[in-house]
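Reading through the structure tokens given below for one structure.
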Amino acid sequence: MAETLVKELIEEAQGRRLARRLAVRELRPRRALAGLAAALLVTAFGGVAAIELLAGALGSAVHPVPGVAPVVEALRRHAWNHPDVLAASGAVAALGAAFMVPSRWAWSSRRS
């Protein structure tokens, strides 16, 4: 009788330990820094684009955001099917896909 009680206590302790380990793994914040970086980049570039588009729509030839004029001129010189434009868009698409990869898949080999 004492032996079964000890076995039950050991199994219960192991179960609690396993449950705690699984809870810590599931509730751990994942990629918070990457999410914050992506959100800041999208917000910054979106804000700059909105300011420039508004200035262009109002007919202003002045670029309100410093440093945008050379970028705008470089973009005007290239067509959509230019190899440099295609390479840059491919890099942006790859970066977006990397942000979409769940952390379980990306880091599963490290934990195993």
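Heads up: the sequence shown at position 14 corresponds to 55 in the working numbering, and the numbers run straight through without jumps.
Glycine included, every Cβ here is placed at the ideal spot set by N, Cα and C.
Note that the structure is predicted; figures quoted are calculated from it, not measured.
**Item:** Three-way DSSP call (helix, strand, coil) for Gly-87 in this model
**Value:** It is helical.
**Request:** State yes or no: is the C-beta of Ala-96 within less than 8 Å of the C-beta of Pro-107?
**Result:** Going by beta carbons, Ala-96 and Pro-107 fall outside the 8 Å limit.
**Extent of the continuous alpha helix (DSSP H) to which Pro-111 belongs** = Its alpha helix (DSSP H) spans residues 110-118.
**Message:** Three or more C-beta pairs under 8 Å: does that hold for the region 80-97 against the region 106-126?
**Reply:** yes
**Asked** Among Ala-79, Ser-101 and Ala-60, which residue has its Cα nearest to the Cα of Gly-137?
**Response** Proximity to Gly-137 across Ala-79, Ser-101 and Ala-60 peaks at Ala-79, based on C-alpha coordinates.
**Asked** Going by the beta-carbon positions, is the gap between Phe-140 and Ala-75 smaller than 8 Å?
**Response** Remark: C-beta atoms of Phe-140 and Ala-75 approach each other more closely than 8 Å.
**Prompt:** Straight-line CA distance for Ala-120 to Leu-77?
**Reply:** 33 Å
**Item:** Length of the line joining the Cα atoms of His-123 and Arg-71
**Value:** 38 Å
**Prompt:** Using the C-alpha atoms, what's the distance from Val-65 back to Ala-102?
**Reply:** 55 Å
**Item:** Separation of Thr-45 from Arg-61, as counted between CA atoms
**Value:** Distance between the alpha carbons of Arg-61 and Thr-45: 24 Å.
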